[in-house]
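Enquirer: Here the protein sequences line up with chains Z and Y, keeping their order. In this text, residue positions in the first sequence follow my numbering: the first is 46, and each later residue adds one. In this text, residue positions in the second sequence follow my numbering: the first is 46, and each later residue adds one.
Number of protein chains: 2
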Amino acid sequence: MPLDVMGLFFFAYRDFVGDADALLERQGFGRAHHRVLYFVNLRPGMPVADLLDILKITKQSLARVLRQLVDNGYVEQKTGETDRRQRLLYATEKGRGLFETLSATQTSRIEAAIAALPPEGKRTVLRFFVGMVEPEDRGLLDRLKLTEEL
Amino acid sequence: MPLDVMGLFFFAYRDFVGDADALLERQGFGRAHHRVLYFVNLRPGMPVADLLDILKITKQSLARVLRQLVDNGYVEQKTGETDRRQRLLYATEKGRGLFETLSATQTSRIEAAIAALPPEGKRTVLRFFVGMVEPEDRGLLDRLKLTEEL
DNA sequence: AATAAATGTCAACAAGGCTGACATAAATTT
DNA sequence: AAATTTATGTCAGCCTTGTTGACATTTATT
């Protein structure tokens, strides 16, 4: 059993998400807000349904977090042009700023970890991650343009 | 910004921990119970303080989860021999069985992901994980013997 | 004998998951 | 045109698993 992979995966993720926690708390936000900010920054104009699919949470859970982000001016919703039922999500200038602040420590942690690897290290790690994702969701990774280095 | 690493890390961890969720629910347990089972299986005889340090949660949070595991016969506590204040944690036969059931799908997912990598792939991934962990906790990884393949 | 350490316990609270029910506007189908 | 489906929102209540603070017990250390 690859117990070492399981354990190190746990520790690595624990410290990866922990980076932003102190900063988030100052805004009265939590990890759920961070995840939304990440995806809204990554692909501006994403409809609510896509975000639900990605986060694999219920619309009621998302609604709570999203409302706080909208009310505080970090995210804005625009009616879709082709389908006017959709609410497309965009980070505001303020939202992009917060996301960059939250990402700063995560970025240096990731870059340092990759810099210590052999030449093809980053590609190998990314391929491992893709391999861990449910096959039916791998197309989503492509659509989000997360697999362009592979 | 290594946005791709952040995103793929999220998806990979989401599906990794998701594997056990359905099985856990049948026992009335959650992810917190799984984490405890993992470490107690990995290093039997671990004192409570070490587990608190690893999980980075409060003793009150751990106590609730631990009590359920003990009450249901998955974990047992033995008084430490050298220091009789300690309660050393051991998985029972039942606890080891549940852990193996929970790990089965995770194990195949990990092994498939690694099999698709180049020869040194597993080492590279493990080194990345270690690099993501807080330097002050890397000694703990060694003590848990999670870094033996490196 | 006094203090510190390892653990447990009670109580109250918060974040962020969940379900179920219902509402509205816009698109699609019949 | 009417009926249905889709995308989204909202209200209400529940659960797990985090949190803090206070206090108790047993054992080790000073």
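Beta carbons are placed, not taken as given, at the ideal position from N, Cα and C, and that holds for glycine. Here the structure is a predicted model, which means the values were calculated and not measured.
Report the residue from Y/Gly52, Y/Asp60, Y/Val110 and Y/Arg59 whose alpha carbon sits nearest the alpha carbon of Y/Arg80.
Expert: Residue 80 of chain Y sits at position 35 when you count from the first residue of the second sequence. The option with the nearest alpha carbon to Y/Arg80 is Y/Val110.
Enquirer: Determine, for Z/Val175, whether the minimum Cβ-Cβ distance to residues of chain Y falls below 8 Å.
Expert: Numbered from its first residue, the first sequence carries residue 175 of chain Z at position 130. Yes, contact with chain Y.
Enquirer: Is Z/Val85 close to chain Y, meaning its C-beta is less than 8 Å from at least one C-beta of that chain?
Expert: On the first sequence, position 40 is the one that residue 85 of chain Z refers to. Z/Val85 does not count as touching chain Y.
Enquirer: Rounding to the nearest angstrom, what Cα-Cα distance links Z/Phe144 and Y/Thr146 in this structure?
Expert: The residue given as residue 144 of chain Z occupies position 99 in the first sequence. The residue given as residue 146 of chain Y occupies position 101 in the second sequence. If you take the alpha carbons of Z/Phe144 and Y/Thr146, they lie about 39 Å apart.
Enquirer: In the structure shown, what three-state DSSP assignment does Z/Ala94 receive?
Expert: Translated into the one-based positions of the first sequence, residue 94 of chain Z becomes position 49. Z/Ala94 falls in the helix class under three-state DSSP.
Enquirer: Rounding to the nearest angstrom, what Cα-Cα distance links Z/Asp49 and Y/Phe84 in this structure?
Expert: For the purposes of this step, residue 49 of chain Z is taken as residue 4 along the first sequence, with counting starting at 1. For the purposes of this step, residue 84 of chain Y is taken as residue 39 along the second sequence, with counting starting at 1. C-alpha separation (whole angstroms): 11 Å.
Enquirer: Does the structure place the segment 145–161 of chain Z close enough to the segment 112–120 of chain Z that three or more beta carbon pairs sit under 8 Å?
Expert: no
Enquirer: Using only the alpha-carbon positions, how far apart do Z/Glu156 and Y/Arg130 sit?
Expert: Stepping through the first sequence from its first residue, residue 156 of chain Z is reached at position 111. Stepping through the second sequence from its first residue, residue 130 of chain Y is reached at position 85. C-alpha separation (whole angstroms): 43 Å.
Enquirer: Applying the criterion that 16 or more other CB atoms from any shown protein chain within 10 Å of the CB defines a buried residue, is Z/Asp128 buried or exposed?
Expert: Counted from its first residue, the first sequence places residue 128 of chain Z at position 83. Under this definition Z/Asp128 is an exposed residue.
Enquirer: Which residues in the same chain as Z/Asn117 place their Cβ atom closer than 6 Å to its Cβ, once the five residues preceding and following it in sequence are excluded?
Expert: The residue labelled residue 117 of chain Z in the question sits at position 72 within the first sequence. Correct list: empty, nothing qualifies.
Enquirer: Between which two residues does the beta strand (DSSP E) holding Z/Leu87 run?
Expert: Walking along the first sequence from the start, residue 87 of chain Z turns up at place 42. Z/Leu87 -> not in any beta strand (DSSP E); alpha helix (DSSP H) instead, spanning Arg76 to Leu87.
Enquirer: Let me make sure I understand the geometry here. Which of Y/Arg183, Y/Leu189, Y/Gly125 and Y/Ala65 has the alpha-carbon closest to that of Y/Val149?
Expert: For the purposes of this step, residue 149 of chain Y is identified with residue 104 of the second sequence, where counting begins at 1. The sequence shown places Ala at residue 149 of chain Y, not Val. With distances taken between Cα atoms, Y/Ala149 lies closest to Y/Ala65.
Enquirer: Given that a residue counts as buried once 16 or more other Cβ atoms are within 10 Å of its Cβ, and exposed if not, what is Z/Thr32?
Expert: Residue 32 of chain Z lies beyond the residue range present for chain Z, which begins at 46 and ends at 195; the question has no answer from this structure.
Enquirer: What are the start and end residues of the beta strand (DSSP E) that includes Z/Gln122?
Expert: As a working mapping, residue 122 of chain Z is identified with position 77 in the first sequence. Val120 to Thr124 is the extent of the beta strand (DSSP E) around Z/Gln122.
Enquirer: On a Cα-Cα basis, can you pick out the residue from Y/Gly184, Y/Pro89, Y/Asp182 and Y/Gly75 that is closest to Y/Ser106?
Expert: Working through the second sequence from its first residue, we reach residue 106 of chain Y at position 61. The shortest C-alpha separation from Y/Ser106 is found at Y/Gly75.
Enquirer: Under a three-way DSSP split, which group does Z/Arg132 fall into?
Expert: To locate residue 132 of chain Z, count along the first sequence from 1; it is residue 87. Three-state DSSP puts Z/Arg132 in a strand.
Enquirer: Would you mind reading off the limits of the alpha helix (DSSP H) that contains Z/Val62?
Expert: Position 17 of the first sequence holds residue 62 of chain Z. Leu48 to Gln72 is the span of the alpha helix (DSSP H), which, as asked, contains Z/Val62.
Enquirer: For Y/Glu179, go through chain Z and note every residue whose CB falls closer than 7 Å to its CB, in chain order.
Expert: The sequence position of residue 179 of chain Y within the second sequence is 134, counting from 1. Here the neighbours are Asp60.
Enquirer: Excluding the 5 residues flanking Z/Gly166 on each side, which residues of the same chain have their C-beta closer than 7 Å to its C-beta?
Expert: Working through the first sequence from its first residue, we reach residue 166 of chain Z at position 121. Taken in chain order, the residues that qualify are Ile159.
Enquirer: Of the choices Z/Met91, Z/Pro89, Z/Leu100 and Z/Arg88, whose alpha-carbon is the least far from that of Y/Gly63?
Expert: The residue you call residue 63 of chain Y lines up with position 18 of the second sequence. Closest option to Y/Gly63, Cα to Cα, is Z/Leu100.
Enquirer: Under 8 Å between C-beta atoms, does Z/Val143 make it to chain Y?
Expert: Translated into positions along the first sequence, residue 143 of chain Z becomes position 98. Note that residue 143 of chain Z is Leu in the sequence shown, not Val. It does not: the Cβ of Z/Leu143 has no partner Cβ on chain Y nearer than 8 Å.
Enquirer: Y/Met91 CB to nearest chain Z CB: under 8 Å?
Expert: Taking the second sequence and counting its residues from 1, the one referred to as residue 91 of chain Y is at position 46. No, Y/Met91 lies away from the interface with chain Z (no Cβ there is under 8 Å from its Cβ).
Enquirer: In chain order, what are the residue ranges of uninterrupted alpha helix (DSSP H) at least 4 long that sit wholly in the segment 140–187 of chain Y?
Expert: With a minimum length of 4 residues, the unbroken runs of alpha helix (DSSP H) contained wholly in the segment 140–187 of chain Y fall at 166–177.
Enquirer: Please report the straight-line C-alpha distance between Z/Tyr58 and Y/Phe54, rounded to a whole angstrom.
Expert: Residue 58 of chain Z sits at position 13 when you count from the first residue of the first sequence. Residue 54 of chain Y sits at position 9 when you count from the first residue of the second sequence. About 8 Å.
Enquirer: By how many angstroms is the C-alpha of Z/Ala67 removed from the C-alpha of Y/Leu68?
Expert: Here residue 68 of chain Y corresponds to residue number 23 of the second sequence, with the count starting at 1. Here residue 67 of chain Z corresponds to residue number 22 of the first sequence, with the count starting at 1. Distance between the alpha carbons of Y/Leu68 and Z/Ala67 is about 33 Å.
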